[in-house]
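J.: A single structure is presented below for examination.
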Amino acid sequence: MTVYEPTFKVDFNYKTPPESLALENILWTVRLSGGDFGGIEVTDLNGSGPYRYKVNHLHMHGPAEHRIEGVQYDLEIHIVHELVGGPQGQPEEEWKAYNETLAVIGFFFEKAEKSHPFIEKMRPLDFGPISDINFNELFGTLASEVENLPLLSGDQRQFYHYKGSLTNPPCADVVNWILYKKVLPISEEHLAAFRSVWFPNLGGHGNFRECQPLCGRKIVRNFEHFEESDHHKKDKACVHHNIELNEKLVHHP
Ligand SMILES: [Zn+2]
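Residue numbers for the sequence shown follow the numbering used here, so the first one is 1349 and each next one is one higher.
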């Protein structure tokens, strides 16, 4: 069950890195890093902040690590951010003491006829050079929406949030998890291309971890009502994350 919590707020300041980049095959996943992708600002549940985070890298899991109402989607992209600053004027020793030193945004994908434009841009078929890429593009579905992103209203960016852990045992929370609610499309061909990186290295298994208990953690959402057409109807959305193993390896690159 999720709780509507308008206090928790995320502002996106993503940038387009000037240089040409490429997806790296790091055996258990693919990674995009190296450019200045900008970052996000997070205002916490108690109203503290905003805390500033800078993008560290992007990687992916297939199938997804989180489950929404028991549904495990085909792919989950993680954008990993590290804490780089606090509220204006706050001394460094204070913001550095903020518990959530990482923020990870998750985007879910499910098989569809055509991939989201962002997936196309990542060059899944040849891992070729990627230029002119901006994580903001994940919030638009059509090319025309992507071009007009500043015009999209904020409420189209609906997400779930909880404090999570990178380590085992659970409940040592150092991550602000932010999960984008809208499920995005990926073609069978592109999904297969990504999975062919990690499946052979993991004995034919996906690179996700089994779900872990919530340990009493609160899951909030920044939108009040579920639309009739929503994938996740009513107030039943339940997010489970897999807490052991992989995140520890990945999110401390
Ligand atoms: Zn991850």
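Just so you know, even glycine gets a beta-carbon here, dropped at the ideal spot from N, CA and C.
Leaving out five residues on either side along the sequence, give the residues of the same chain with a beta carbon under 6 Å from the beta carbon of H1538.
T.: S1463, I1467 and P1472
J.: Does the Cβ of G1395 have 16 or more other Cβ atoms within 10 Å, making it buried, or fewer, making it exposed?
T.: Classification of G1395: exposed, given that the 10 Å Cβ count is below 16.
J.: Less than 9 Å between the beta carbons of F1556 and P1439, yes or no?
T.: no
J.: Let me confirm a value: D1474 is counted as buried when at least 16 other C-beta atoms fall within 10 Å, else exposed. Which label applies?
T.: exposed
J.: To the nearest angstrom, report how far apart P1330 and N1570 are at their CA atoms.
T.: Outside the displayed range of the chain (1349 to 1601) lies residue 1330, so it cannot be described from this structure.
J.: Do you know how far the Cα of D1480 is from the Cα of S1368?
T.: 8 Å
J.: Cutting at 8 Å between CB atoms, please list the residues of its own chain near K1603, excluding the five before and the five after it.
T.: Residue numbering for the chain in the displayed model covers 1349 to 1601; residue 1603 lies beyond these limits and cannot be assessed.
J.: Taking DSSP's pairing of strands, which residues face P1533 in a bridge?
T.: Partner residues in the beta bridge of P1533, as assigned by DSSP, are E1458.
J.: Per the DSSP calculation, V1568 is bridged to which residue(s)?
T.: V1351 and H1509
J.: Using only the alpha-carbon positions, how far apart do W1376 and W1546 sit?
T.: 5 Å
J.: Can you round the beta-carbon distance between R1379 and H1405 to whole angstroms, since I take them to be within the 8 Å contact cut?
T.: 5 Å
J.: Does ligand 1 have even one heavy atom less than 8 Å from the beta-carbon of V1378?
T.: no
J.: So, is G1437 buried or exposed, given that buried needs 16 or more other C-beta atoms within 10 angstroms?
T.: Using a 10 angstroms sphere on the CB of G1437, the tally of other CB atoms stays under 16, which defines it as exposed.
J.: Ligand 1 and V1452: does any heavy atom of the ligand fall closer than 8 Å to the residue's C-beta?
T.: yes
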